[in-house]
Amino acid sequence: MTDLSSHEAFLAALRTVDGLAERGKTGGHFYAGSRPVIHFHGTGADRCADLRRTRTSDWERLPAATPEDRAALLDAVRRVIGTP
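Following my numbering, the numbering of the sequence shown begins with 2 at its first residue and continues without gaps.
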């Protein structure tokens with residue numbers, strides 16, 4: 002089971018997803034090829050993520066404050082990328 006107890010642990014889990022690459026000077030911005038997929042806003046209980054499910058879709062804001070939120074986001078990112 003992947004440790005998603007902190008935001009840093011979640012970022013570490015995202016870095017292991019095949020087909021996903023972290024870019025940017027501040028970190029936490031992930032791309033599939035040239036397509037942005039996920040980035041973050043806020044801290045602590047206000048932390049959320051913007052997820053783009055398809056090349057043409059708008060950003061969808063999702064909660065990322067709890068381990069359960071982060072597990073759901075990790076699953077969503079894997080579906081977007083097409084990896085198990």
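Glycine is no exception: its CB is placed at the ideal position from the N, C-alpha and C atoms.
query                                                                                                                                        : result
Can you tell me which of the three DSSP states R24 falls into?                                                                               : strand
Compute the Euclidean distance between the alpha carbons of T57 and G20, then round it to the nearest angstrom.                              : 18 angstroms
Just the C-alpha distance for I82 and G28, rounded to the nearest angstrom, thanks.                                                          : 19 angstroms
Can you say whether A65 is buried or exposed, counting buried as having 16 or more other CB atoms within 10 angstroms of its CB?             : buried
Can you list, in chain order, the stretches of the beta strand (DSSP E) that have 3 or more residues and sit fully within the stretch 23-57? : 30-33, 36-42 and 49-52
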